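Encoded as structure tokens, the structure appears first; notes follow it.
Protein chains: 2
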Amino acid sequence: MSSDVFNSCNLPINDQACISLGHGSGGKLSSNLINEFFLPYLGNEILNELEDASVVTLNQDNIAVSIDSFVVNPIFFPGGNIGSLSVHGTINDLAVRGAKPLFIAASFIMEEGFLLEDLTKIIQAMQLACRQNNVKLITADTKVVNKGDCDKIFITTSGIGLVTANDIPSVSKAKVNNNILVSGDIGRHGMAIMATREEFELESTIESDSASLYSLINLILASDIQVNCLRDITRGGLATVLNEIAMASGIGIVIDESQIPIQTNVAALGEILGIDPLYIACEGRFVAVVDEIRAQDLLAIMHSHPLGTNAAIIGKVVDDPDNNVIAKTIIGGSRLVDTLLFDELPRIC
Amino acid sequence: MSSDVFNSCNLPINDQACISLGHGSGGKLSSNLINEFFLPYLGNEILNELEDASVVTLNQDNIAVSIDSFVVNPIFFPGGNIGSLSVHGTINDLAVRGAKPLFIAASFIMEEGFLLEDLTKIIQAMQLACRQNNVKLITADTKVVNKGDCDKIFITTSGIGLVTANDIPSVSKAKVNNNILVSGDIGRHGMAIMATREEFELESTIESDSASLYSLINLILASDIQVNCLRDITRGGLATVLNEIAMASGIGIVIDESQIPIQTNVAALGEILGIDPLYIACEGRFVAVVDEIRAQDLLAIMHSHPLGTNAAIIGKVVDDPDNNVIAKTIIGGSRLVDTLLFDELPRIC
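Residue numbers (my numbering), protein chains in the order written: chain A, 1 to 349; chain B, 1001 to 1349.
Below, the structure is given as structure tokens:
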């Protein structure tokens, strides 16, 4: 499988070259797909930045715009469902660009035979998430496809936020000696999804961390601390976000594994499944990069908020022309935390 | 089938109540789904207007926002593909609200095994459609699902346009004695899709009318003619748009069938398949409602543009508390042009 996947992405286009699950993993294959197929045709100075949300100027206002499709399987999971996830994910993409989330557009692709009772639960979860965050759903679309042409329901949400920050956090603004912070324990969303998948038949108490990060991020942006990068941790996990920051900012990152907050049950399930939690998706956690002299102040703000109680300083930015992310391991060594070529866990979000 | 579909929408929610193909048809079942499931939870003064794009005010600027998922089958058809269709559809939704289309966000859900060669053609078509209309794709997402979890590729596009018009055309602004115009011959998109479906095994020369309407609409908006309603004709066809206008404006509409432009091959295929072209989707046509004294001027502007050469005045707005749409037939009678409960043609767009 591994070499097929590799070939499908790197061969010249021919009849054999096709989309693989790895292309959706958030790893290197996803990145290749974007760089080799999307950007050559659709790229421009805004899209090419590959931010969680793009910031554009209208006549007067600066807005942030995001879009994400949610195809999570199962659609109901401990800690949320595809509806709450779609609203949280969109709010988070806007918030990390320093934008106040205002409006959401949502499109629903549903399979013939999908239960209206389940649809209702999903819509109610979206309603709650919108209300809690003072966000309005302003336009929507529904499509129905024949039985077997999609799996239950896919939701695509596009968010619009107003940018008021003068200096917008960006994946490309990390500077040498900046500190790296994570807002809470990692890997819960992905592990919660995996634990509910039938093929694993696991009993687990892990709940998804799916949450809106806006109130916490707003607290940070309202302070006098200049945060250089903010990025929410989704597909590909903490490891992927750190690599994206290293690449975009042209720096290296060194993290201390012993400082990374991970729930015991998440670490234990990771051991059982043989999966490194650094690569597991979150849906309510972010990475912040800040000048080292303000790192403790930033940590104090995070700790003051319910979503940041487990926040920690986990490493720092270093000068490295190879843009590597290196982890100091708990047993005293060090290892390269590379972006995965692909992972085998589709439909995590 | 018909009564099952009906039951699935009107029964109290129980285990039998499920999404049917009719819920995606653009007809009455679609409307019921929106009114009974979406609006009670997610409704607000903006969403409730059910416009093609919603207009909201930021700090300073008025923007129009649209979202649509495209699940058309087949993905390549005479006159376009799912990529060009997704850009045209989004531009048209913005244009009919008097907005200048500026930005598009796009999300791609792809099936494992989907050919990269096909993806490339689709992306190239999006590139061309964006360039021709001076629209930028500013943010995107890609998701991959397992083989069999979706059919090839679904594209969701959200559009953002800047509204400069003072008096924004709206589905609710038709007034008694206004004239109804259609911008060109109807039904080509839906008939082109149906003719290519394997189950019909038809040979046809019909090409989709998929096109960006912005340049034609811009010509109209730049004139001194105040257009009350503009609505592009998509799922459910001309009949559905006219019923939406009648309902939202609280008026009735009388159209003259002999004045409705329809290509001979579209009418002929309609006869063969037993489908009324009034209910067939277009993707490059719109309805305009205007004061009767300016109808000829508006028609002249339409005729001056390549996309409006077949434009025609097809009827007028009348006082009718029942908000009926009535067609004077070619043989001299009249018939009620109701919204269909559902049609059996999924995945037309």
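Ideal placement from N, C-alpha and C gives every residue a C-beta, glycine not left out. On a predicted model such as this, the values are computed, not experimentally measured, just so you know.
- Task: Taking only beta-carbon positions, decide if histidine 1088/B is within less than 7 Å of chain A.
- Result: The count along the second sequence starts at 1 and reaches residue 1088/B at position 88. No, histidine 1088/B does not count as interfacial toward chain A.
- Rounded to whole angstroms, what's the CA-CA distance from proline 1306/B to aspartate 1167/B? Just pull it up for me. For this step, residue 1306/B is matched to residue 306 along the second sequence. For this step, residue 1167/B is matched to residue 167 along the second sequence. Rounded to the nearest angstrom, the two C-alpha atoms are 26 Å apart.
- Say whether the stretch 293 to 311 of chain A touches the stretch 247 to 260 of chain A, bearing in mind that this needs 3 or more beta-carbon pairs closer than 8 Å, one atom from each stretch. no
- Query: Is it the case that the Cβ atoms of valine 1096/B and aspartate 1232/B are separated by a distance below 7 Å?
  - Reply: Counting from 1 along the second sequence, the entry for residue 1096/B is found at position 96. Counting from 1 along the second sequence, the entry for residue 1232/B is found at position 232. The answer is yes: Cβ separation under 7 Å.
- Query: Which first and last residues belong to the beta strand (DSSP E) in which glutamate 111/A is found?
  - Reply: The sequence position of residue 111/A within the first sequence is 111, counting from 1. Per DSSP, glutamate 111/A belongs to the beta strand (DSSP E) from 99 to 111.
- Since I believe glycine 187/A is in contact with glycine 270/A (beta carbons under 8 Å), could you give me their beta-carbon distance rounded to a whole number of angstroms? Looking up residue 270/A in the first sequence gives position 270. Looking up residue 187/A in the first sequence gives position 187. So it is a contact: roughly 7 Å between Cβ atoms.
- Message: If the cut-off is 8 Å on Cβ atoms, which residues from the stretch 54 to 68 of chain A count as contacting chain B, listed in chain order?
- Response: Ser54, Val56, Leu58, Asn59, Gln60, Asp61, Ile63, Val65, Ser66, Ile67, Asp68
- Message: I'd like to know if leucine 221/A contacts chain B, where contact means its C-beta is closer than 7 Å to some C-beta of that chain.
- Response: In the first sequence, the residue the question calls residue 221/A occupies position 221. Chain B contact via Cβ: absent.
- Query: At least one CB of chain B closer than 7 Å to the CB of valine 241/A: is that the case?
  - Reply: The residue you call residue 241/A lines up with position 241 of the first sequence. So, not an interface residue.
- Query: Which chain A residues are close to glycine 1274/B, counting only those with a beta carbon under 7 Å from its beta carbon?
  - Reply: Here residue 1274/B corresponds to residue number 274 of the second sequence, with the count starting at 1. Here the premise fails: no neighbours, minimum Cβ distance about 21 Å.
- Query: Hey, phenylalanine 342/A and leucine 33/A: beta-carbon distance below 7 Å or not?
  - Reply: What you label residue 342/A is simply residue 342 of the first sequence in a count that begins at 1. What you label residue 33/A is simply residue 33 of the first sequence in a count that begins at 1. No, the Cβ-Cβ distance between phenylalanine 342/A and leucine 33/A is not below 7 Å.
- Item | Listed by chain order, chain A residues near glutamine 1132/B by CB distance under 9 Å | Taking the first residue of the second sequence as 1, we reach residue 1132/B at position 132. Within chain A, no residue comes near glutamine 1132/B; the closest Cβ sits about 14 Å away, beyond 9 Å.
- Query: Is serine 1084/B closer than 7 Å to isoleucine 67/A when the C-beta atoms are compared?
  - Reply: For the purposes of this step, residue 67/A is identified with residue 67 of the first sequence, where counting begins at 1. For the purposes of this step, residue 1084/B is identified with residue 84 of the second sequence, where counting begins at 1. For isoleucine 67/A and serine 1084/B, no; Cβs fall outside 7 Å.
- Helix, strand or coil for serine 249/A per DSSP? Position 249 of the first sequence, counted from the first residue, corresponds to residue 249/A. Three-state DSSP puts serine 249/A in a helix.
- asparagine 1075/B at chain A interface by Cβ criterion, 7 Å: Position 75 of the second sequence, counted from the first residue, corresponds to residue 1075/B. Before going on, a small fix: residue 1075/B reads as isoleucine here, not asparagine. Output row for isoleucine 1075/B: interface = no.
- Message: Excluding the 5 residues flanking alanine 1295/B on each side, which residues of the same chain have their C-beta closer than 6 Å to its C-beta?
- Response: Here the question's residue 1295/B lines up with position 295 in the second sequence. Once the five neighbours on either side are set aside, the close Cβ partners of alanine 1295/B are Asn1179, Ile1313.
- Message: Which of the three DSSP states is assigned to aspartate 1232/B in this structure?
- Response: The residue labelled residue 1232/B in the question sits at position 232 within the second sequence. Residue state, collapsed to three classes: strand.
- Are the Cβ atoms of isoleucine 1245/B and alanine 1192/B separated by less than 7 Å? By one-based count along the second sequence, residue 1245/B stands at place 245. By one-based count along the second sequence, residue 1192/B stands at place 192. Between isoleucine 1245/B and alanine 1192/B, the CB-CB gap reaches or exceeds 7 Å.
- Message: Just to make sure I have the definition right: I need the residues of chain A whose C-beta is within less than 9 Å of the C-beta of lysine 1100/B. Which are they?
- Response: As a first step, residue 1100/B is located in the second sequence; it is residue number 100 there, counting from the start. Neighbours of lysine 1100/B in chain A, taken as residues at a C-beta separation under 9 Å, are lacking, since the least C-beta distance is about 10 Å.
- Start-to-end residues for the beta strand (DSSP E) that takes in asparagine 62/A: For the purposes of this step, residue 62/A is identified with residue 62 of the first sequence, where counting begins at 1. Asparagine 62/A -> beta strand (DSSP E) spans 62 to 70.
- So the alpha helix (DSSP H) aspartate 297/A belongs to, where does it begin and stop? What you label residue 297/A is simply residue 297 of the first sequence in a count that begins at 1. Here the alpha helix (DSSP H) through aspartate 297/A covers 295 to 303.
- What residue range is occupied by the uninterrupted alpha helix (DSSP H) comprising leucine 221/A? Here residue 221/A is taken as the residue at index 221 of the first sequence, counted from 1. In the DSSP annotation of this structure, the continuous segment of the alpha helix (DSSP H) that includes leucine 221/A starts and ends at 214 to 221.
- serine 1030/B (DSSP reduced to helix, strand or coil): As a first step, residue 1030/B must be located in the second sequence, where it is residue number 30. DSSP places serine 1030/B in helix when its eight states are reduced to three.
- Task: Give the C-beta separation of asparagine 1073/B and aspartate 1151/B to the nearest angstrom, bearing in mind that I take them to be a contact with Cβ-Cβ under 8 Å.
- Result: As a working mapping, residue 1073/B is identified with position 73 in the second sequence. As a working mapping, residue 1151/B is identified with position 151 in the second sequence. Rounded, the Cβ-Cβ distance is 7 Å, consistent with contact.
- Cα separation between leucine 1181/B and leucine 1213/B? Translated into positions along the second sequence, residue 1181/B becomes position 181. Translated into positions along the second sequence, residue 1213/B becomes position 213. Near 15 Å, if we compare the C-alpha coordinates of leucine 1213/B and leucine 1181/B.
- Message: Is there a Cβ of chain B sitting closer than 7 Å to that of glycine 392/A, yes or no?
- Response: The first residue shown for chain A is 1 and the last is 349, placing residue 392/A beyond what the model contains.
- Message: On the criterion of 16 or more Cβ atoms from any shown chain inside 10 Å, does leucine 1434/B qualify as buried, or is it exposed?
- Response: Limits of chain B in this structure are 1001 at one end and 1349 at the other, which puts residue 1434/B out of reach.
- If you run the structure through DSSP and keep just helix, strand and coil, what is alanine 1053/B? As a working note, residue 1053/B is residue 53 in the second sequence. Coil, per DSSP.
- Query: Between which two residues does the beta strand (DSSP E) carrying lysine 143/A extend?
  - Reply: Translated into the one-based positions of the first sequence, residue 143/A becomes position 143. The continuous beta strand (DSSP E) containing lysine 143/A extends over residues 136 to 145.
- Message: On the DSSP letters alone, give me the boundaries of the beta strand (DSSP E) that threonine 90/A sits inside.
- Response: The residue labelled residue 90/A in the question sits at position 90 within the first sequence. First-last for threonine 90/A: 82 to 95, but that is the alpha helix (DSSP H), not the beta strand (DSSP E).
- Task: Please check if any C-beta of chain A sits within less than 7 Å of the C-beta of valine 1317/B.
- Result: The residue you call residue 1317/B lines up with position 317 of the second sequence. Chain A contact via Cβ: absent.
- When the cut-off is 7 Å and only beta carbons count, does proline 346/A lie next to chain B? Taking the first sequence and counting its residues from 1, the one referred to as residue 346/A is at position 346. Closer than 7 Å to some Cβ of chain B, the Cβ of proline 346/A qualifies, so yes.
- Query: When DSSP labels each residue in this structure, what does arginine 1335/B get in the three-state scheme?
  - Reply: Translated into positions along the second sequence, residue 1335/B becomes position 335. Arginine 1335/B: strand per DSSP, three-state reduction.
- Message: Would you call the stretch 117 to 133 of chain A in contact with the stretch 1048 to 1060 of chain B, where contact means no fewer than 3 C-beta pairs closer than 8 Å?
- Response: no
- Query: Since valine 266/A is in the alpha helix (DSSP H), which residue starts that stretch and which ends it?
  - Reply: Position 266 of the first sequence, counted from the first residue, corresponds to residue 266/A. Segment 264 to 273, the alpha helix (DSSP H) holding valine 266/A.
- Message: Which residues does DSSP list as the beta-bridge partners of leucine 58/A?
- Response: What you label residue 58/A is simply residue 58 of the first sequence in a count that begins at 1. Bridge partners of leucine 58/A: none, in fact.
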